[in-house]
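Chemist: Numbering follows the UniProt record's numbering, in which position 162 of the sequence shown is assigned residue number 162; successive positions increment by one, without gaps.
Every residue, glycine too, gets a C-beta built ideally from N, C-alpha and C.
Here it is: the structure, laid out below.
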Amino acid sequence: MQAIEKIRNLYQVARDYFYFGDEVFVCQERYEPVVLLGIITLILDGKELIYGSYGSGKTTSSERLSSFIKGLPLEFLQATTIFGHPEQTEEKIKATLDLAALQKEGQEIVRWRVVPYAPVVIIDEINRLPVGKQSMLLNEVDRNIWNWRGETIIFKEQKAFFATINYQDLGTTQIIPPLLDRFDVAVETTRLHPIRKRLVRRGIDDSILSHKTLAARMLNFILSHNRTEQAEVVEAYINQISTEFKEQIEKRFSEQGISIKIPRKEEMQEIKEEIENISVSEDVELFLDYLGQEVYCQKSLQKDFSRCGDCHYKNFACADLYSISHRAEQSLFHYAKALAWINGESKVSLEHLQAIFPYVLWHRTSLSDERMAKTRDMEKETGDRFYAVYEILQDVKKRWEEHRNYQIDAYMALKKEDTKTILSLAERIDHPFFKALAREI
């Protein structure tokens, strides 16, 4: 079985057994976005936010998907989940001091908690962490580098991060923008199909992912080998357990008449390399160049939506969308390539880009009050912010399609150092992209 067939088969099984949401993601085929992007996140060792109301399956779906794809007992993932609450501390998450060594010898020996070693980190209700305590996760989420009391543990490989967010209530806080920007994509759990709702009421059987004894053994091993210099030993142990437990999961499904093959560590690395080697079409590059210039404020380096009313470019994306960060563009490429790979394509097309872009952008950019007010009263099957970003991108695409050939002409003129043509295009076409090229002359 080819790697792509294995992953597509795992998607089908995960959708049918572990998550019963009814959200829709369309790109050449119809997908369930929570499952699809969750699997891509686990393949790429990316970072994903999951928004939704209480009891909508945010945390449980993350745990089940992670157990399924990474080959870890469900109880192990549940034991390593970080719970967001005001009293959460670095010591509870990262490490503690060896009290025996401190009392007997006066030595400060750091003993790491289980969380840093987990191949997947799940943060439940991250928006219940106070703003001041969110900063302690920035380095860990971004680089998988863990610091505590002068000790640093650096893992060779990245790990997947999932964080769930409940909609605003009295106990929640705003997530700081630098932390939001570190999450590659964000999805929402929404309504359930009536028949699937019935299945949820009866309870989802995830015993096929369960192994309490093995989870306890893993936790005991990690906590008895939790010195900084023992990190590689623990990593090797977890990789071995993962390989063995994937075999058990395959066997359990086989007993139910379902054939699956979960890629092992080496094959998963090969899949990541195949995805990375997917090329990007010229239209994708052209569109991103065009969009990037349209988002910039033409009045100031620091954007202020209150100044957009009398701006010459008030009908462009810059009046509605605050920014597109460099991290967002990197996330966009990674996930668009993965989507193209899953669809069996060798190149990222504009269709892949348009499908994934709202999921990459909606959680980490600010939107104007005017755009949000316009979107709020519309009937839709997504959240207001997601739909607003989707509409903005569609509007930009329409403008780009009108200007695409002129954009190519401008690049050809730039290559030939034909400044006259560039200045002529900038004068005739009233768009920030062409003005930006002319400014360099």
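(1) So, with DSSP's three-state summary, where would you put residue 27?
(2) Keeping to the same chain, check which residues put their C-beta closer than 6 Å to that of residue 210; ignore five residues upstream and five downstream.
(3) Classify residue 156 as helix, strand or coil using the three-state DSSP reduction.
(4) What does the Cβ neighbour count give for residue 125, buried or exposed, with the cut at 16 atoms within 10 Å?
(5) Kindly indicate which three-state DSSP category residue 114 falls into: helix, strand or coil?
(6) Have a look at 204, 241, 189 and flag the residue whose alpha-carbon is nearest the alpha-carbon of residue 213.
(7) So within the stretch 214-290, which uninterrupted alpha helix (DSSP H) runs reach at least 4 residues, ignoring any that extend past its ends?
(8) Is it true that the CB of residue 323 sits closer than 8 Å to the CB of residue 295?
(9) What is the rounded straight-line gap between the Cα of residue 202 and the Cα of residue 401?
(10) Cα separation between residue 184 and residue 362?
(11) How many whole angstroms separate the CB atoms of residue 42 and residue 215, which I take to be in contact at a CB cut-off of 8 Å?
(12) Are there 16 or more other CB atoms within 10 angstroms of the CB of residue 378, so buried, or fewer, so exposed?
(13) Once the 5 residues before and after residue 147 are set aside, which same chain residues still bring their CB inside 6 Å of it?
(14) Considering only the alpha carbon of each residue, which of 257, 80, 268 lies closest to residue 239?
(15) Which one or two residues does DSSP pair with residue 52 in a beta bridge?
(16) Does the beta-carbon of residue 389 have 16 or more other beta-carbons within 10 angstroms, so that it is buried, or is it exposed?
(17) Would you tell me roughly how many angstroms separate the C-alpha atoms of residue 406 and residue 393, rounded to the nearest one?
(18) Relative to the C-alpha of residue 410, which candidate in 62, 236, 427 has its C-alpha closest?
(19) Would you tell me roughly how many angstroms separate the C-alpha atoms of residue 94 and residue 114, rounded to the nearest one?
(20) Below 8 Å between beta carbons: does that hold for residue 359 and residue 186?
(21) Given a threshold of 16 other Cβ atoms within 10 Å of its Cβ, counted over all protein chains shown, does residue 254 qualify as buried or as exposed?
(22) Classify residue 87 as helix, strand or coil using the three-state DSSP reduction.
(23) According to DSSP, residue 120 sits in a beta bridge with which residue or residues?
(24) Cutting at 6 Å between CB atoms, please list the residues of its own chain near residue 66, excluding the five before and the five after it.
(25) Within 10 angstroms of its Cβ, does residue 21 collect 16 or more other Cβ (buried), or is it exposed?
(26) Can you give me the Cβ contacts of residue 338 inside the same chain, cut-off strictly under 7 Å, excluding the 5 residues immediately before and after it?
(27) Helix, strand or coil for residue 9, going by three-state DSSP, please let me know.
(28) By alpha-carbon positions, which one of 421, 123, 179 ends up nearest to residue 328?
(29) Can you give me the Cβ contacts of residue 237 inside the same chain, cut-off strictly under 7 Å, excluding the 5 residues immediately before and after it?
(30) Alpha helix (DSSP H) containing residue 60: first to last residue?
(31) Could you spell out where the beta strand (DSSP E) holding residue 145 opens and where it closes?
(32) Rounded to the nearest angstrom, how far is the Cβ of residue 64 from that of residue 108, given a contact under 8 Å?
(33) According to the neighbour-count rule (16 or more other Cβ atoms, all chains shown, within 10 Å of its Cβ), is residue 30 buried or exposed?
(34) Could you tell me the distance, in whole angstroms, from the CA atom of residue 325 to the CA atom of residue 181?
Modeler: On the basis of the supplied data:
(1) strand
(2) 74
(3) coil
(4) buried
(5) coil
(6) 241
(7) 231-255, 265-276
(8) yes
(9) 50 Å
(10) 11 Å
(11) The Cβ separation is near 19 Å, so there is no contact.
(12) exposed
(13) none
(14) 268
(15) 166
(16) buried
(17) 20 Å
(18) 427
(19) 8 Å
(20) yes
(21) exposed
(22) coil
(23) 160
(24) 77, 120
(25) buried
(26) 40, 43, 44, 275
(27) helix
(28) 179
(29) 221
(30) 58-70
(31) 145-148
(32) The pair is not a contact, with the Cβ atoms about 39 Å apart (cut-off 8 Å).
(33) exposed
(34) 8 Å
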